[in-house]
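To start, the structure under review is shown below, and the notes come after it.
There are 2 protein chains.
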Amino acid sequence: MPNERVLQPSWLALVAVLVMPAAADDLGERIATQGPPGGTAACATCHGHNGGGDEGVAFPRLAGLNAGYLARQLRAFRDGGRDNPIMRPMAQPLTDAEVVAVSAYYAALPPASNAKPPTEVSTTIGGVLVAEGDWFNRSLPACAQCHARDGLGAGDAFPALAGQIYSYILGQIDAWATGKRIADPHGLMSPIAARLNLDEAKSLAAYYAAMGVAPAPVAGATQGTGVPTDVTPLVQPGVGRAETQATATGPVGPPLDHGPVDTGRPQGSAGIFHPPARNTAPKDRMGEAIRLGEAIFIGTFSHPESARYVGNTQTCEGCHLDAGRLAGAAPMWAAWVAYPAFRTKNQRLNTIAERIQGCFTYSMNAPASTVGHAPEAESDTLVALQSYIYWLATGAPTGDSGMPGRGYPTLDPTPQGFDPDRGAGVYQTVCAVCHGNDGQGTWVRGELLFPPLWGAKSYNWGAGMHRIDTAAGYIRHNMPLGPATRLSDQDAWDVAAFINAQERPQDPRFNGDLAETTRLYHASRYDYYGKRSGPDGRPLGDEPAKR
Amino acid sequence: MPNERVLQPSWLALVAVLVMPAAADDLGERIATQGPPGGTAACATCHGHNGGGDEGVAFPRLAGLNAGYLARQLRAFRDGGRDNPIMRPMAQPLTDAEVVAVSAYYAALPPASNAKPPTEVSTTIGGVLVAEGDWFNRSLPACAQCHARDGLGAGDAFPALAGQIYSYILGQIDAWATGKRIADPHGLMSPIAARLNLDEAKSLAAYYAAMGVAPAPVAGATQGTGVPTDVTPLVQPGVGRAETQATATGPVGPPLDHGPVDTGRPQGSAGIFHPPARNTAPKDRMGEAIRLGEAIFIGTFSHPESARYVGNTQTCEGCHLDAGRLAGAAPMWAAWVAYPAFRTKNQRLNTIAERIQGCFTYSMNAPASTVGHAPEAESDTLVALQSYIYWLATGAPTGDSGMPGRGYPTLDPTPQGFDPDRGAGVYQTVCAVCHGNDGQGTWVRGELLFPPLWGAKSYNWGAGMHRIDTAAGYIRHNMPLGPATRLSDQDAWDVAAFINAQERPQDPRFNGDLAETTRLYHASRYDYYGKRSGPDGRPLGDEPAKR
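Going down the list, the sequences are from chains A and B.
Going by the working numbering, the residue at position 25 of the first sequence is 64; the numbering climbs one at a time, nothing skipped.
Going by the working numbering, the residue at position 524 of the second sequence is 563; the numbering climbs one at a time, nothing skipped.
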C-alpha cells in the first residue's frame with residue numbers, strides 16, 4: 040500500500056492511536072537513546088540528543104519529522120531502497136514494530152535543528168526555486184508546491200525541509216540526481232534533482248537549513264494560501280503529523296513504469312512563446328494590478344479580493360499551471376490573444392472578461408449570491424486578472440488563436456475506451472498521494488497544497504474539466520506535477536473517467552429538469568452528467584437542491 | 040467669401056429666396072434655352088434639353104445640381120479659374136445676375152441624366168473608392184465622405200456626382216490630376232485625382248454615372264448614417280439644395296498657402312502597422328461581431344445598437360479616422376495592445392472596455408439615463424466594438440504601448456501661443472466649409488457628413504478633444520481630410536483654441552461647483568473650462584443644469 044492516504048481523519052487511524060500500547064513509546068525512546076535490543080548504536084549518538092542532526096557529518100535532523108516518512112526511510116535502509124553504508128547496519132536489526140516505535144518517538148520530539156548552513160552560500164536562487172521553481176525552462180515546479188510554503192512538508196510523502204541539515208540536503212540532492220536514492224513517490228525527486236546545478240543545490244540547501252524549525256511561509260508558489268472563513272479544512276492544521284504516526288507506510292516504490300517519462304515540457308521548447316519572467320512586472324500602478332492579478336490567480340479561493348466569488352477551494356492555477364504560463368496547461372498568454380471569440384458553450388461572442396467570468400461560474404463554482412455567478416466586469420478582481428494575463432501575453436501576436444501550447448493537448452481515443460472502474464485503481468496508485476483517497480486534496484497547516492477533484496469543494500458540472508476528454512488530455516500531459524512519470528494514454532482516459540464519475544456541485548444552468556439539462560448541455564459521450572449513476576446510486580447531477 | 044456656409048437655415052438665405060424676383064427665373068430659362076442676351080449659344084444646345092448632359096461629347100449634366108456650385112463654375116469659366124476653350128466664350132458675356140439666374144434655373148430643373156457609361160468598364164473598384172477610399176495606402180478618403188453616400192453632394196462645395204456624364208467625370212479627374220482645374224475648396228481634389236490610375240478613374244466615373252439621379256445611398260464610409268429618433272438634424276433632409284441657390288459663392292480659390300502639403304500620411308509608411316483590409320473579416324459569428332462593431336464605429340450615434348448610448352451626433356470615426364485605422368488619428372490597433380493600462384484621468388487600471396466606456400461618457404456625451412454614462416461591459420455594443428478593435432489589431436504585439444502612429448501627434452508650442460480670436464479667422468477660412476459657420480457640422484438628406492464641433496451635439500467638457508493641445512495635434516496632422524493642404528502649426532493651435540473656446544455639454548464629473556470641478560479636472564493651461572468666458576459671457580462650463 041505504498042500510496043496510502045495518511046492525512047485525513049479515519050476511524051482506523053484513531054483506533055490505532057488509541058490502542059497503541061504505552062510501551063511502544065518507551066521502546067522508541069530506548070532505541071533512540073540507547074540503541075535497539077540487537078546492540079547497534081543509539082540514534083542520538085549521531086543525530087544529536089535533541090534529534091536536531093549534525094551539520095559536520097551530514098546526519099539529518101529527525102526531531103519533529105513525520106513518523107510515516109521516518110519509518111519509510113528506516114525500512115528503505117533496512118530493505119535496500121536507500122543504499123547507505125552507515126544506516127544499513129543500523130536499520131537491519133530493527134523489527135517493523137521497532138521501526139514504528141522509534142519513528143513515532145522522533146516525530147513526537149520537539150522540533151529541533153542543529154543546522155549550520157555556510158554563511159558564504161547565497162540563499163537567493165534557492166529561495167526562488169522554493170517559491171517559484173523553474174517550470175518554464177526545466178519543468179521544475181516550486182519546491183513549496185509539495186513541501187509546503189512553510190517548508191514543513193506534507194504527510195509521509197513530502198518531508199519537512201525547513202531546519203534540515205545543510206550538508207544532508209545537499210547530499211540527498213546528489214543521491215537523487217545520481218540514482219543512489221530512488222524511493223520517493225512516483226520517482227518525483229530524481230529528475231528534479233538531476234536538473235539542478237551545484238550552486239542551485241547549495242543555495243536550496245542553505246535556504247531550507249536557514250529556515251529553522253518554526254519558519255514563516257514563503258510567498259507565492261502554491262495553490263491556496265490561508266483558509267477563508269467559510270471553508271472548513273479537511274484536515275485541521277497541525278493534525279496531520281500526529282495521525283500519520285500510526286499509519287506509516289513502506290517505501291512508495293520506484294517510478295511508475297506504465298507510461299513514458301516526459302523529459303521536458305513543451306513550454307521551454309523552440310517555438311513556444313516565452314511570457315515575461317516572474318517578478319519583472321513594472322514598479323508602477325500597472326505593475327500593482329499585475330501583481331494583484333497574479334496573487335488572485337494563484338490563491339483565488341482564499342485571496343481577500345477574489346474569495347467572495349469562489350464557492351469551492353479552487354484556484355486559477357489549479358488548472359493553468361505555473362501561474363498560467365505553462366504550455367499545454369491552457370496558458371493564459373495564448374488565451375489573451377484569442378479573445379474576443381465566439382464560444383459554442385454560451386452561443387455568443389465572449390470577451391476575455393466574459394471568458395474569465397465563465398471560469399468563475401463553473402470551475403470556481405461562484406456562489407449564487409454573486410452577480411451573474413461571477414465577478415462583475417469592472418470589479419478589481421476581473422481588472423487585475425486581465426492585467427496579469429495581458430502582461431503574460433507581452434509580445435504575443437494579437438488575433439493568433441492557434442499559438443503552440445494553447446489549451447490542453449487532445450488525447451486520441453484508445454481501443455479500450457475509458458472505464459471509471461479501471462480508473463479507480465490508477466487513481467489510488469498515482470493520484471491519491473496528493474489529491475487524497477477521497478479526492479478532497481491536501482491541506483496542511485491552513486494551506487491547500489493540492490486541490491479537491493470532486494465533491495462540494497471541486498469544480499461544478501458546468502466546468503470544462505468535468506468532460507472526460509478534456510480531463511484526460513490535461514492529466515496525460517501535466518500530471519503528476521514536475522518532470523516525472525506520466526500516465527499512459529489508457530490510464531489517463533480511465534482516471535479522468537473515474538474522477539468525473541464522482542458527484543460534484545450542480546451545473547448552474549440546471550433548470551430543475553435533469554433530462555432537459557442533460558440534453559441541452561451534456562449530450563457529449565465524454566460527459567457522465569445525467570447519464571451515469573453516482574456513488575449514491577442516483578444519476579450524477581440529480582440533486583435539484585444543490586448549490 | 041469663398042467658404043461661406045450655405046447649408047443651414049439663416050434668415051438671410053430665406054429673405055433672399057423670398058425677395059428673388061420672378062423675372063430672374065425667366066432670365067435663367069431664357070439663357071438656358073435661347074442663349075444669353077449677348078448672343079452666344081443656348082446652354083441646352085450642348086447640355087441637353089432636359090439638362091442631363093451629353094455622353095458623346097463629355098458635356099456634363101446640369102439639371103438638379105446645386106445652384107451655388109453651378110454659379111461658381113460659370114464664374115470660374117468666365118474669370119479663368121477653369122480653363123475651358125468651349126465654356127470660356129459662353130461664360131464671358133454673362134453678368135453676375137445672369138450667372139445666378141441660369142444656375143438657379145438648372146438647379147430647379149427635375150434631376151436628369153443622359154449618362155451612358157460604357158458597359159465594359161467594371162464599377163467594382165470605383166464602388167470601393169466611393170465607399171471606402173484608400174486611406175491606408177494613398178491617404179484617399181472615401182468619395183462619399185464629401186459627396187455623400189447617395190452621391191448627391193453637399194452644398195456648393197461638393198457637387199452631386201450620381202448620374203453625372205461618364206466621360207465628363209473622367210475628363211475632370213484628369214484635369215485635376217494635371218493641374219488644369221484647380222478651383223476646388225482648399226485644393227482638395229487635385230492630390231486625390233493625381234493618386235488615381237486610369238482604370239480607377241474609369242471605374243469611378245462609370246460607378247457614379249450608373250447611379251442615376253435618384254440613387255440609393257452606398258453602405259459605409261461616412262460618419263453618420265440616418266437620423267436617430269431623438270436627434271433633430273440641424274438641416275432637414277432636402278432643404279440644403281434650395282437654400283444654397285440664393286447664396287451661391289465664387290470660386291473657393293487655390294490651395295491654402297500657409298501650411299505645407301502632406302504628400303502622404305504616416306499610415307502607409309514603412310514601420311507603420313498594417314491592420315487587416317476592409318471586408319476581410321471571417322464569414323462566421325466572430326466576423327458578424329466584427330462587422331457589427333465596424334458599423335457601430337462608423338455610425339455610432341445613429342446605429343440602432345449604439346444610439347441609446349450617444350447623447351450627441353458623434354461617431355467613433357469622427358476622431359479615429361478611416362474607421363479606426365489611421366496612424367496619427369488614434370488608431371484602434373495601437374490602443375488594443377496597450378490596454379489594460381493605468382489612466383491618470385480616472386486614477387485606476389482601465390481595460391479596453393472601460394477605456395471605450397470613457398469615450399461614450401465624454402466624447403459621445405452618453406445620456407445620464409445610461410448606466411454609468413456608457414454601454415455596460417457585456418452589452419452587444421461594447422462586445423462588438425471590442426471584437427472589431429481586436430480584429431484591427433491582428434498581429435500587433437500584445438503590450439506594445441508605443442506603436443508608431445498611436446494617439447495623436449504632439450504639437451510643439453509656438454512662440455505666439457494660441458489665440459481663439461486668431462483661430463476664428465482660420466476656422467471661417469478653412470473649417471467652415473465642412474463643419475459649418477456655426478460649428479454644427481453638415482447634414483444632407485438625413486446623413487451627417489461632418490460632425491458638430493461645439494454645442495449640444497458635440498463632445499462634452501470631459502472629452503480629450505476639449506483640450507487645446509490634443510485638438511491642435513489632431514487638427515494639424517489630420518485636417519482637412521485627404522492628402523491636401525495642412526494648416527501651419529500656428530493656425531492649428533489657434534483654431535483648436537477657437538473651437539474649444541465655445542460652449543459644449545457639461546462635464547459629467549461636474550459636481551455643482553464650477554471652481555472645484557475646474558480645480559479637480561481642468562487645471563491644465565490647455566483647457567478653457569471654468570476659466571474663460573464663453574460666447575454668452577458666462578464662464579465656460581458654468582451651466583449647472585446642462586446635460
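Cβ atoms here follow ideal geometry from the backbone N, Cα and C, with glycine treated the same way.
**OP:** Taking 8 angstroms as the cut-off, decide whether the C-beta atoms of Gln184/A and Leu520/A are in contact.
**Re:** Taking the first sequence and counting its residues from 1, the one referred to as residue 184/A is at position 145. Taking the first sequence and counting its residues from 1, the one referred to as residue 520/A is at position 481. Yes, they are a contact pair.
Original post:
Identify the residues that DSSP records as bridge partners of Glu159/B: which are they?
Top reply: Position 120 of the second sequence, counting from 1, holds the residue named residue 159/B. Paired residue(s): none; Glu159/B is not in a bridge.
**OP:** Kindly indicate if chain B contains any beta-carbon less than 8 angstroms away from that of Thr433/A.
**Re:** As a first step, residue 433/A must be located in the first sequence, where it is residue number 394. Cβ-Cβ to chain B under 8 angstroms: yes for Thr433/A.
Original post:
Whose C-beta lies closer than 6 angstroms to the C-beta of Asp296/B among residues of the same chain, with five residues either side of it excluded?
Top reply: Position 257 of the second sequence, counted from the start, is the residue given in the question as residue 296/B. Here Asp296/B scores only 31 on pLDDT, less than 50, and its place in the model is too uncertain to base an answer on.
Original post:
Since Arg543/A meets chain B, which of its residues come closer than 9 angstroms, beta carbon to beta carbon?
Top reply: Counting from one through the first sequence, the residue named residue 543/A turns up at place 504. Chain B residues near Arg543/A: none, gap ~27 angstroms exceeds 9 angstroms.
**OP:** Kindly indicate the opening and closing residues of the beta strand (DSSP E) around Arg382/B.
**Re:** The residue you call residue 382/B lines up with position 343 of the second sequence. Arg382/B -> beta strand (DSSP E) spans 380-382.
**OP:** Could you tell me whether the Cβ of Arg515/A comes closer than 8 angstroms to any Cβ of chain B?
**Re:** For the purposes of this step, residue 515/A is identified with residue 476 of the first sequence, where counting begins at 1. Not one chain B Cβ lies under 8 angstroms of Arg515/A.
Original post:
Three-state secondary structure (DSSP) at Val252/A?
Top reply: The sequence position of residue 252/A within the first sequence is 213, counting from 1. Val252/A falls in the coil class under three-state DSSP.
Original post:
With 16 as the cutoff for other CB atoms within 10 Å, does Ser142/B come out buried or exposed?
Top reply: In the second sequence, counting from the first residue as 1, residue 142/B sits at position 103. Buried, since its Cβ has 16 or more Cβ neighbours within 10 Å.
Original post:
Does DSSP put Phe340/A in a helix, in a strand, or in coil?
Top reply: Taking the first residue of the first sequence as position 1, residue 340/A is located at position 301. Phe340/A: coil per DSSP, three-state reduction.
**OP:** Tell me the start and end of each unbroken alpha helix (DSSP H) in the stretch 86-168 of chain B that is at least 4 residues and wholly inside, in chain order.
**Re:** 106-118, 126-130, 135-147
Original post:
Taking Cβ positions, are Val472/A and Ala196/A nearer each other than 8 angstroms?
Top reply: The residue you call residue 472/A lines up with position 433 of the first sequence. The residue you call residue 196/A lines up with position 157 of the first sequence. Yes.
Original post:
Below 8 angstroms between beta carbons: does that hold for Trp372/B and Ala432/B?
Top reply: Locating residue 372/B in the second sequence gives position 333, counting from the first residue. Locating residue 432/B in the second sequence gives position 393, counting from the first residue. Result yes, Cβ atoms of Trp372/B and Ala432/B sit closer than 8 angstroms.
Subject >> Alpha-carbon to alpha-carbon, Glu327/A and Arg394/B >> reply: Position 355 of the second sequence, counted from the start, is the residue given in the question as residue 394/B. Position 288 of the first sequence, counted from the start, is the residue given in the question as residue 327/A. When rounded, the distance between both Cα atoms is 19 angstroms.
**OP:** Just grab the DSSP bridge partners of Val257/B for me.
**Re:** Position 218 of the second sequence, counted from the start, is the residue given in the question as residue 257/B. Per DSSP, none; premise fails for Val257/B.
Original post:
Along chain E, in chain order, which residues have C-beta atoms closer than 9 angstroms to that of Gly438/B?
Top reply: Going by chain labels, chain E is absent from the structure shown, which instead holds the protein chains A and B.
**OP:** Can you grab the Cα-Cα spacing for the pair Thr509/A / Trp532/A, in whole Å?
**Re:** Looking up residue 509/A in the first sequence gives position 470. Looking up residue 532/A in the first sequence gives position 493. Those two C-alpha atoms are separated by around 10 angstroms.
Subject >> Per-residue contacts from Glu393/B into chain A (C-beta, under 7 angstroms) >> reply: Against the second sequence, residue 393/B aligns to sequence position 354. By Cβ distance, chain A contributes Glu417.
Subject >> Bounding residues of the beta strand (DSSP E) (the contiguous stretch that carries Thr481/A) >> reply: Numbered from its first residue, the first sequence carries residue 481/A at position 442. Element bounds for Thr481/A: 481-483.
Subject >> chain B within 8 angstroms of Gln203/A, Cβ atoms only >> reply: As a first step, residue 203/A is located in the first sequence; it is residue number 164 there, counting from the start. Cβ-Cβ to chain B under 8 angstroms: no for Gln203/A.
**OP:** Could you run through the stretch 351-384 of chain B and flag, in chain order, every residue whose CB is less than 7 angstroms away from some CB of chain A?
**Re:** Trp375, Val376, Pro379, Ala380, Phe381
Original post:
What separation, rounded to the nearest whole angstrom, lies between the Cα atoms of Thr390/A and Glu555/A?
Top reply: As a first step, residue 390/A is located in the first sequence; it is residue number 351 there, counting from the start. As a first step, residue 555/A is located in the first sequence; it is residue number 516 there, counting from the start. Approximately 28 angstroms, taken between the alpha carbons.
Original post:
Are the C-beta of Ala405/A and some C-beta of chain B separated by less than 8 angstroms?
Top reply: Locating residue 405/A in the first sequence gives position 366, where the first residue counts as 1. No - not a single Cβ of chain B is within 8 angstroms of the one on Ala405/A.
Subject >> Nearest-angstrom Cβ-Cβ length linking Gly251/A and Asn105/A, presumed shorter than 8 angstroms >> reply: Here residue 251/A refers to the residue found at position 212 of the first sequence. Here residue 105/A refers to the residue found at position 66 of the first sequence. Incorrect: roughly 18 angstroms between the Cβ atoms, too far for contact.
Original post:
Can you find a C-beta in chain A that's less than 8 angstroms from the C-beta of Val594/B?
Top reply: With chain B represented from 40 up to 586, any question about residue 594/B goes unanswered, as that position is not in the structure.
**OP:** Mind checking which residues open and close the beta strand (DSSP E) that includes Asn618/A?
**Re:** The structure shown does not extend to residue 618/A, since chain A is modelled only from 40 to 586, so the question has no answer here.
Original post:
What does DSSP give as the partner residues of Pro578/A in its beta bridges?
Top reply: Mapped onto the first sequence, residue 578/A falls at position 539. Beta-bridge pairing links Pro578/A to Ser572/A.
Subject >> Inter-residue Cα distance where the pair is Glu171/B and Cys182/B >> reply: Sequence index remark: in the second sequence, residue 171/B carries index 132 (1-based). Sequence index remark: in the second sequence, residue 182/B carries index 143 (1-based). Going from the Cα of Glu171/B to the Cα of Cys182/B covers about 8 angstroms.
Subject >> Chain-ordered neighbours of Ser345/A on chain B, where CB pairs are closer than 8 angstroms >> reply: To locate residue 345/A, count along the first sequence from 1; it is residue 306. Going along chain B, no residue has its Cβ under 8 angstroms from Ser345/A, so there is no contact; the nearest lies around 15 angstroms.
Original post:
What first and last residue would you give for the beta strand (DSSP E) that runs through Leu487/A?
Top reply: Here residue 487/A is taken as the residue at index 448 of the first sequence, counted from 1. It spans 486-489 - the beta strand (DSSP E) in which Leu487/A sits, taken as one unbroken run.
Original post:
Since Ser206/B is in the alpha helix (DSSP H), which residue starts that stretch and which ends it?
Top reply: Numbered from its first residue, the second sequence carries residue 206/B at position 167. Ser206/B -> alpha helix (DSSP H) spans 205-216.
Original post:
Is Asp458/A near Ala366/A, with beta carbons less than 8 angstroms apart?
Top reply: For the purposes of this step, residue 458/A is identified with residue 419 of the first sequence, where counting begins at 1. For the purposes of this step, residue 366/A is identified with residue 327 of the first sequence, where counting begins at 1. Contact: no.
Original post:
Hey, is the stretch 416-430 of chain B in contact with the stretch 313-332 of chain B, meaning 3+ C-beta pairs nearer than 8 angstroms?
Top reply: yes
**OP:** With a threshold of 16 other CB atoms inside 10 Å of the CB of Thr400/A, please say whether the residue is buried or exposed.
**Re:** In the first sequence, residue 400/A corresponds to position 361, counting from 1. Looking at its Cβ environment, which holds 16 or more other Cβ atoms inside 10 Å, Thr400/A is buried.
Subject >> Spatial distance of Thr319/A from Met325/A (CA atoms) >> reply: In the first sequence, counting from the first residue as 1, residue 319/A sits at position 280. In the first sequence, counting from the first residue as 1, residue 325/A sits at position 286. The alpha-carbon atoms of Thr319/A and Met325/A are separated by roughly 12 angstroms.
Original post:
Any idea what DSSP makes of Phe399/B, helix, strand or coil?
Top reply: What you label residue 399/B is simply residue 360 of the second sequence in a count that begins at 1. Three-state DSSP puts Phe399/B in a helix.
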